[in-house]
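Student: Below you'll find the structure I mean.
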Amino acid sequence: MIIINSSSDIARIREAGRIIAGLWEVLKNSVAPGISTLELDSLACDHIQQQGGECAFRGYRGYPANLCVSINHEVVHGIPRADRKLKSGDLVGIDVGVRKAGFIADAARSYLVGASPSPEALKLMAVARQSLELGIEQARAGHKVTDISKAVQRTAENAGFSVVRELCGHGVGASLHQEPEIPNYFRPGHSPVLKAGMSLAVEPMINAGGAEVKFLSDGWTVVTRDGSLSAHFEDTVIVTDGDPDIVTR
Ligand code: MF3
Ligand code: CO
683 MIIINSSSDI ARIREAGRII AGLWEVLKNS VAPGISTLEL DSLACDHIQQ
733 QGGECAFRGY RGYPANLCVS INHEVVHGIP RADRKLKSGD LVGIDVGVRK
783 AGFIADAARS YLVGASPSPE ALKLMAVARQ SLELGIEQAR AGHKVTDISK
833 AVQRTAENAG FSVVRELCGH GVGASLHQEP EIPNYFRPGH SPVLKAGMSL
883 AVEPMINAGG AEVKFLSDGW TVVTRDGSLS AHFEDTVIVT DGDPDIVTR
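Residue numbering for the sequence shown follows the working numbering, starting at 683 and increasing by one per position.
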């Protein structure tokens with residue numbers, strides 16, 4: 683069953699999203715060569731708590747941190763560590779969930795570290811970002827989940843990149859992961875119709891090389907099988923009778 687949020691629940695998701703929107707300002711000034719992924723994690727948690735939110739990832743299925751920080755060929759779910767420092771030229775994805783008054787928003791941004799990114803990293807960033815924009819654009823009452831999936835896939839594949847299939851976007855709000863599942867590629871079969879009041883985390887994970895991924899032995903980190911770069915962008919969106927309402931910007 684896909685939850686239709688009441689207007690007071692939407693207000694809570696929006697509050698959680700507003701905290702994430704402010705966090706991007708903090709993080710974009712902190713992402714630099716030499717900072718460790720654990721330092722980013724504690725900066726983020728401090729900000730979230732100062733703003734009256736809770737870090738929603740810690741403890742989720744035993745996840746041991748507040749952020750997921752995934753560098754270069756790491757796709758998602760990298761665990762912050764004191765001995766993992768950003769280097770110039772890295773492409774780093776930062777994923778965060780915030781809970782406010784029992785409701786969650788979930789979002790991710792990718793950043794390029796330092797002043798001289800590779801042309802491939804620049805293009806991958808732009809395409810992944812665009813795939814999120816065009817996916818969200820489809821999050822409208824009366825559309826289907828597959829409209830989001832197709833828009834993401836088309837954007838990535840037209841640019842010569844591939845979309846990860848093992849992980850999907852999802853409903854978010856009363857819990858971190860709830861229905862519907864939102865694949866980033868077209869999957870034939872039944873697809874739910876979107877309705878006003880649904881809250882969705884749209885999250886393309888785009889690889890420069892092949893779509894295949896593997897899971898590392900830490901139980902969390904997902905990496906590209908061929909070692910190619912990967913970028914991840916995510917926003918939480920409320921479906922309305924008009925335009926998509928993005929709460930994490
Ligand atoms: N945005 C991520 C996702 O939807 C959340 C990370 S899961 C956690 O998969 F376990 F790290 F919390
Ligand atoms: Co998510």
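We treat Cβ as the ideally placed atom computed from N, Cα and C, and that holds for glycine.
#1: DSSP three-state call for Gln733: helix, strand or coil?
#2: Going straight from the alpha carbon of Gly871 to that of Glu861, what length do you get?
#3: Between which two residues does the beta strand (DSSP E) holding Ala789 run?
#4: Between Trp902 and ligand 1, is there a pair consisting of the residue's CB and a ligand heavy atom that are separated by less than 8 Å?
#5: Give the list of continuous beta strand (DSSP E) stretches no shorter than 3 residues that lie fully inside the region 724-784.
#6: Would the beta-carbon of Arg696 be found less than 8 Å away from any heavy atom of ligand 1?
#7: Please list, in chain order, all residues of the same chain as Ala893 whose beta carbon is under 7 Å from its beta carbon, the five residues on each side excluded.
#8: Could you check whether Val875 and Gly817 sit closer than 9 Å to each other, using their CB atoms as the reference points?
#9: Specify the secondary structure class of Asn866 as computed by DSSP and reduced to three states.
#10: On the CB-based measure, 16 or more other CB atoms within 10 Å of its CB, does Ile692 come out buried or exposed?
#11: Using a 10 Å radius around the Cβ and a threshold of 16 neighbouring Cβ atoms, would you call Pro801 buried or exposed?
#12: Return the CA-CA distance between Lys896 and Pro799, expressed in angstroms with no decimal places.
#13: Let me know if Gln732 comes out buried or exposed under the rule of 16 or more other beta-carbons within 10 Å of its beta-carbon.
Tutor: On the basis of the data shown:
#1: coil
#2: 16 Å
#3: Phe785 to Leu794
#4: yes
#5: 749-753, 756-758 and 773-782
#6: no
#7: Ser844, Val845, Val846 and Arg847
#8: no
#9: coil
#10: buried
#11: exposed
#12: 26 Å
#13: exposed
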